[in-house]
Amino acid sequence: MRYRTIASQGSKPDLASGATYLFGHKMCRMDAFVEVDGGADGIGKIIDFDEETAEVEYFESPAGPSLRTVRVPVERIRGVELGAQTRVFWLDPEENSWFAGRVDGGLVSAAAIMAKEDHYHVRFPNNQDARIPVSQLYVRWSHPVEDPTHYLAARVTDTPFFSDGRSRFVRHIMEQRAAFGGLTALASSAVELLEHQVAIVRRILADPIERYLLADEVGLGKTIEAGILIRQHVIDLPDTARVLIIVPEHLVSQWEDELESKMFLGSEDGVNVVPETALLDSRLNSANPTLLVVDEAHRPALRAFSSDPGERRAYNQLRLLAIRVPRLLLLSGTPVLHQEDGFLAMLHLIDPDAYPLHDLDSFRRRVEERQSVAEAIADLADDASSFFAEDAIARLEHAFQSDPRLMELCSIARLHLHESLDSAGRIASLSNLRSHVAEAYRLDRRILRTRRGDPRVEMYLPKRTGLVTIEHEDQGRLEAFDFLDAWRSSVDYGEVDDRNKENLFATLVASALSHPLVLLRQMDARLALRCGERVPSLPEDRRKIFGIEWAFEGEKEFLEQRRRLIAEALGREERAVRLAEWLRANPDVRKAIVFVDDPKVANRVQETLKESLDSEFVLRYLGDSDSVRIFEKSIKLSILVCDGTVEEGLNLQRCGAATVHYDLPLEPARVEQRIGRVDRIEGRGQIRNVAFTGNYPYESEWLQCLNQAIRVFDRSVAPLQYVLAEGTNRIRVALLSEGQGAIEQEAGRLSDRTTGLDSELRRIRAQESIDAIDGGQTQESDFFDALVENDDLVSTEGERAVNSWLVERLQFARHVPERGITRYAYDRRQPTLLPALQVAARFIGCIDKDALRISREGFPFLPVTFDRVIAEKSRVGLLRVGHPLMQGIETLIRSDDRGMAFAMWRYVPHSLKVPRLFFRFDFVVEVDLAHAYEAGAAQISSREALRRRADEAFPVSHRTIWLTSDLDEVKTPALLRILDMPYSKRLRPNGGFDLNLRPESWDGASSAISLGDWPSLCANARDKAEQKMRSDPAFRKQLSASAERVRHTAAAVSIALSSRIARLSGPSKDSEERIADLEACLSRSLEQGIEEPSIRVDSAGSVILASTPLGGE
């Protein structure tokens, strides 16, 4: 055996098969199999080299054969040994025919068998074994097969058994792709399919520029929408995706849990969740994400105009990060009205040129000007009275006379106004008018909002049914509230430091509303600070409040005396005891979430409830997911005690739990947040709110204000958070001077019919309606209905399609650990018909690493299910397009030629007088996007988004064409039924059967029927099949209809954008014009790609139909 180091050669040595050469410390024989480090071509052979480079030959197909060569640096060459089950090709020198087989053992060295070169044991079909020299074996490279017709022409075919299984799986994949419009993340996420979420996900993922603000109202599933978008990004860019998610600190664990349990994503997928405090970390400067997601984006956005340099620095860090990231997703359910500063700062992150921060006054005017448009839209609902609708149309016509499309739509709507409310023409005309106004006059087309009043979500939301009160007496609270009045009446009011005293008294009231123990801590803090003692645990803002001068003479002694009285009155948790009694008296309440303001008090409440109810299911939630899972799954009476630190971010909508307000914070937004834990999408049913009443001053008035003026227990007041914050501030300021009357006065103000909350809510709803996605669009509803129908079918047909290829053909193992859940595994014992390393590489995301540590038989995969409900409940993978297993099979099936070409003799007694030859071609048809990619190359951040837009316009399809040997299309139904029968080598009831035409069978077939110039005949048949499909009238009609839909949509978008552009100026106008140009360009390219679609042969086969067996009479 000779070894040569290339670097030492003065000239290229003679190449000898069987000789071994040293390539950069790696020994490889000439003609041995190699891989190129960092290459994507797979396994090849060295055929030539010089001092620096080597020429590697790749085997594309046995037709010809077709070979490709590349030249690479020698240091990148790595010798490989073919693993067991590797598919190989061998040209039999005696028969001059290609045979496909699989390696059935390791490499046999030349020395061991006294041969000139190494050999492999190869198993060919029908258990024919042979030992083949390495130089005579070929392994197909890793790229997809371009056209399997070449295999058919070369008579290198597989058993039709493989072809049947492969075709079934490919059809299944194509049907899913078509149904989901390319939204593979939506298909494979363990979430319930909801129409409004599907609409938003479709909208974003079909946009080549992915920079959006998700502005759904609170509780409608923004996190789920974002999770699907994140998953799609990881699917689209499996090797390069880097997702950075910035969230409030208390939501980090919830985000991580949702991503892991529903989207099956974690840090190993390039997805990282960090708290928003990370914005102050300089290490974020080096972050280079491909997708940036910001939850509760209004929080950092509000810092953009802060007077605090530290807060501005946090926003500026986010701004710099957003500018350099290609894809941005902001989440915020806050309304535009009353938060113009924050909204401008968020839009600046999306498009800094169109929304400069210095243009705040102009932006505020723009929001104010939208109000007339917003109110008009509100009066144009489908069921609007003719009087209000007519008035709204007139207002629009007067305000926007320069918008010809709007004027046209107004005229059409007016013609239908006096028809019945359920008239299709009336509904359509009003919907078209609303859609145009909303699209043309929305703040930005990349703000997407769904409202709670949307008919698509109402049925999934629970109903708030008012308040249930539990009466009880609590001496501790009585003393606490009595202290407040006594302190207030003692204050020397009217001096220059009144504001400090107002803040102090408001804080004392808020503490008493929390719990007497909390009030005691605040009294202790004031006494300590005034006596010069340190209180390290006290926040700085509280230190300023409690450290002011004595509010009145003798306050110190007063505080000490009253502190003793309150402390003496405190014993056990009377409210908790009373709650336990109420729960026992109301057995229909099986679950309750008890919200307590203070963590220490929450601990006392849990202990008291646990003792009173004698139950192990009184759980204290401390941010851990385990207690939530126990709470959700328990069938006994279960209580989850939460403190104020987790009022945000805890989602328990599916528990059917009562919400118990152990106290009432002097912040309506916090009460709303508590209810929002159960008042969320998919909650359904009714929400029972429970609070306590003891007729204590301040608490009684505040409860009445929340219940009757704010009506937080009857409706969501999330959009009113800023208005309510202003009202609460007025209460806090007036408490010292007015006492409980401050709360009563504010309640009256909030209840005013013309200036109160209801009026304000109408204004906010009207503004939101402009940015809301219209739920009444027929196309969206039709798409969603078809999607759900297909998804239901996958639950049954999907398993059969996957098993037909994975289990029945490739011989993966399959286990069913519990009903509805399946585990697949690579099994060396069966064996699975793929090499182990290839399985490990292609299915790395599917392998159960924990089970792998104890498995000796192969690679066990993670459990999966075909049932969406089971996936949600059991937290197992959902086997749809987009799942790593489906992706692995799909990429494998494109590059593995097994089943792509077949040939058989079909014996059907009494079928034909003489044998006849038929060709079958399976085509995959989709939009050709070459022109679109070229046209929008500079601005498109996501080619995958363009593919999804194309799939939506013209869904990918799998079509079959049968031809006769004369190249005429077979259309006779009876004949097609015979040709379409599954392959069966066993006898059918009619006595017929099929025979796979292996290389040795072709001579017999050729003697029975003239095959002529077989390669030319195959090539002509392939061209003829595509020609016939392209010229088919039904097919052309479908193409034309799809192209027309693209033109229609493009025209509507163009009109809406033109209306917007006409109203804008400066950078905003420039930005919209660029978008309009891109949309027009992409639409033209898309239309062209539909009219001349891409058509690829997925499989090719031939069937000789005869009334006698091959070689029979």
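In full-length UniProt numbering, the protein residues as written are 1 to 1113.
For glycine and all other residues, C-beta sits at the position ideal for the given N, C-alpha and C.
{"Check": "Rounded straight-line distance, which links the Cα of Gly-105 to that of Val-122", "Outcome": "7 Å"}
{"Check": "Stretch-stretch touch, CB-based, cutoff 8 Å, three pairs: the stretch 466 to 480 with the stretch 568 to 586", "Outcome": "yes"}
{"Check": "Buried versus exposed, by CB contacts within 10 Å (16 or more), Phe-363", "Outcome": "buried"}
{"Check": "Per-residue burial, Glu-1004 [other beta carbons within 10 Å of its own, 16 or more giving buried]", "Outcome": "Checking the displayed sequence, the identity of residue 1004 turns out to be Gly instead of Glu. Result: exposed."}
{"Check": "Burial state of Asp-1023, where buried means 16 or more other Cβ atoms lie within 10 Å", "Outcome": "exposed"}
{"Check": "Nearest neighbour of Leu-862, chosen from Ser-1071, Arg-856, Val-869 and Pro-884 [CA to CA]", "Outcome": "Pro-884"}
{"Check": "Assumed close pair Ser-142, Ser-895 - CB separation to whole angstroms, cut-off 8 Å", "Outcome": "6 Å"}
{"Check": "Candidates Asn-432, Ser-386, Ala-424 and Ala-569, of which the one nearest Glu-408 by Cα", "Outcome": "Asn-432"}
{"Check": "At least 3 beta-carbon pairs within less than 8 Å: the stretch 814 to 829 vs the stretch 174 to 188", "Outcome": "no"}
{"Check": "Where the alpha helix (DSSP H) containing Arg-959 begins and where it ends", "Outcome": "Arg-959 -> not in any alpha helix (DSSP H); beta strand (DSSP E) instead, spanning 957 to 964."}
{"Check": "Contact test: Thr-149 Cβ vs the ligand FMN heavy atom, cutoff 8 Å", "Outcome": "As far as ligands go, the structure on display features none, and thus does not contain the ligand FMN."}
{"Check": "Proximity to Leu-967 [Cα-Cα], best of Ala-1041, Arg-68 and Cys-1018", "Outcome": "Cys-1018"}
{"Check": "Leu-517 to Cys-705 span [Cα, whole Å]", "Outcome": "24 Å"}
{"Check": "CB contact flag (Asp-158, Pro-982, <9 Å)", "Outcome": "no"}
{"Check": "Outcome for Ala-1106 when other beta-carbon atoms lying within 10 angstroms are tallied against a minimum of 16", "Outcome": "buried"}
{"Check": "Straight-line Cα distance separating Ser-188 from Tyr-58", "Outcome": "35 Å"}
{"Check": "Cβ pair Glu-926, Phe-954 closer than 9 Å", "Outcome": "yes"}
{"Check": "Val-641 in three-state terms, based on DSSP", "Outcome": "strand"}
{"Check": "Candidates Ala-32, Arg-584 and Ser-1094: closest to Leu-931 by CA position", "Outcome": "Checking the displayed sequence, the identity of residue 931 turns out to be His instead of Leu. Taking only the C-alpha atoms, the option nearest His-931 is Ser-1094."}
{"Check": "Check whether Val-641 and Val-605 have beta carbons under 9 Å apart", "Outcome": "yes"}
{"Check": "Spatial distance of Val-733 from Leu-520 (CA atoms)", "Outcome": "22 Å"}
{"Check": "Nearest-angstrom beta carbon gap, Val-80 and Glu-35 [assumed within contact, 8 Å]", "Outcome": "5 Å"}
{"Check": "Straight-line gap, Ala-567 to Ser-514 (C-alpha atoms, nearest Å)", "Outcome": "15 Å"}
{"Check": "CA-to-CA distance, Val-1103 to Arg-916, given in whole angstroms", "Outcome": "8 Å"}
{"Check": "For residue 1162, the nearest candidate out of Arg-464, Ile-770 and Val-201 (CA to CA)", "Outcome": "Residue 1162 is absent from the model: the chain starts at 1 and stops at 1113."}
{"Check": "Sheet register partners of Phe-546 (DSSP bridge)", "Outcome": "DSSP output for Phe-546 lists no bridge partner at all."}
{"Check": "Contact check, Ala-100 vs Pro-1015, beta carbons under 9 Å", "Outcome": "no"}
{"Check": "Cβ shell of Ile-412 (< 6 Å), same chain only, five flanking positions each side left out", "Outcome": "Ser-429"}
{"Check": "Cα-Cα separation, Gly-547 to Asp-541", "Outcome": "10 Å"}
{"Check": "Whether Arg-477 touches Ile-593 by CB criterion (9 Å)", "Outcome": "no"}
{"Check": "Alpha carbon of Glu-94 to alpha carbon of Pro-73, nearest angstrom", "Outcome": "37 Å"}
{"Check": "Beta-carbon separation (whole angstroms), Glu-276 vs Pro-248, contact threshold 8 Å", "Outcome": "6 Å"}
{"Check": "Pro-884 - DSSP class collapsed to helix/strand/coil", "Outcome": "helix"}
{"Check": "Leu-220 to Arg-452 span [Cα, whole Å]", "Outcome": "7 Å"}
{"Check": "Residues sharing a beta bridge with Asn-990, DSSP", "Outcome": "Looking at the DSSP assignment, Asn-990 forms no beta bridge with any residue, so it has no partner."}
{"Check": "Residues of its chain near Leu-622, where Cβ-Cβ distance is below 7 Å and the 5 sequence neighbours each way are ignored", "Outcome": "none"}
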